[in-house]
Amino acid sequence: RIGAMVIPISSGNTKRQITMMKDLGSTAIACTPSYSLYMAEVAEEMGFDPKEDFNLRLGLFGAEAWSDEMRKSIEERWGIVAHEHYGLTEIIGPGVVSECKEKKLHINADHFLPEIIDPETGEPLEPGEEGELVFTTLTKEAFPAIRFRTRDLAVYYEEPCECGRTLPIQSRIKGRSDDMMKVKGVIVFPSQIEAALLKVPGLSENYQLVKEKKGSMVTLSVEVEVTEERYKEGKLDELEKKAEEEIYAILNLKVPVKVLPPKTIPRSTGKAKRVIERKV
Ligand SMILES: [Zn+2]
């Protein structure tokens, strides 16, 4: 018994979600990180202050690769502690990996046997090396999964944690091997771009990477929304320059950035679409 009640309202109809959260005094929320920020946006439109007007204290976020900068921005916006949560529909859904108070991601290895492999060759890697996570279910009945390849890239560790748990640890998910892009020979993950953008005050966490194909050439650019307050000041080209510098500092790659007015990039109630393709 943990004395908690679950309010299963699924996704969609954001205003209703917020009304329920307010009326029932929800203290914890579980959703994708990008959706929690969209909820904050809608709550503000409804006249609420996300930090002051709700009882929320904890968030469990998953199903998307998100940066530490994004975590900070969720924690500040809602005034909560944000924890990562990892699971896969094919294995069980949520519950495969959860974060302790030390913000370490413990794999529930008594139920899910983890392996880390080289995504290209399929060969097993050593603890401490970055590779693709693979899980085998140990206790699931009727629908077991054997060496299920997740396409998620992370580092696997076996080391004691301050929290006292002895379960193995995985790093935060860097991205899906499907999301990995190679631009001018440099490997790029959307979460790296996100980390760079959120280092620039005035830029929001609403962004997308635009891949354009000209024949066999692929070019990459970034579109990101400015915050409402910063939008009023104008001079958006200064922000573009700063964002390009931050990206260069992380990737050593020049990626053009275009700053857009607030609320111009489509929102999602599930996983945010971070990479779009345009044909030229
Ligand atoms: Zn721990």
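With the first letter of the sequence shown counted as 1, position 215 gets the number 216 in the numbering used here; the numbers rise by one all the way through.
Heads up, the beta-carbon is just placed ideally off N, CA and C, and yes, glycines get one too.
Given the structure is predicted, the values throughout are model-derived calculations rather than measurements.
Start-to-end residues for the alpha helix (DSSP H) that takes in K243
Taken as a continuous stretch (DSSP letters only), the alpha helix (DSSP H) holding K243 covers 237-252.
Note down, in chain order, each residue of its chain lying with its Cβ closer than 7 Å to the Cβ of K16, except the 5 sequence neighbours on either side.
V43, M47
V1 burial status per 10 Å Cβ neighbour count (16 or more: buried)
Outside the modelled stretch of the chain, which goes from 2 to 281, sits residue 1, for which no answer is possible.
Neighbour-count burial assignment, G235, 16 or more Cβ in a 10 Å radius
exposed
Beta strand (DSSP E) segments (min. 3 residues) lying fully within the segment 62-141:
Runs found: 82-89, 94-100, 106-108, 113-118, 131-138.
Ignore the nearest five residues each way along the sequence and tell me which others in K299's own chain have a CB closer than 8 Å to its CB.
Lying before the first or after the last residue shown, residue 299 is absent from the chain, which here runs from 2 to 281.
Which class does L198 belong to by DSSP, given the choice of helix, strand or coil?
helix
My guess is that Y39 and R268 are in contact by the Cβ rule of under 8 Å, so how many angstroms apart are they, rounded?
5 Å
In the DSSP assignment, find the alpha helix (DSSP H) that holds S217 and state where it starts and stops.
Taken as a continuous stretch (DSSP letters only), S217 belongs to no alpha helix (DSSP H), as it is neither H nor E.
Using 8 Å as the threshold, is the C-beta distance between E169 and P115 below it?
For the sequence presented, residue 169 should be read as Pro rather than Glu. Contact check for P169 against P115 passes: the beta carbons are separated by less than 8 Å.
For V256 and E247, which I take to be in contact (beta-carbon distance under 8 Å), what is that distance rounded to the nearest angstrom?
Not really, about 10 Å apart at Cβ, beyond 8 Å.
For G132, is the classification buried or exposed, using 16 other Cβ atoms within 10 angstroms of its Cβ as the cut-off for buried?
buried
Determine the DSSP secondary structure at S192, reduced to helix, strand or coil.
DSSP places S192 in the helix class (H, G or I) of the three-state scheme.
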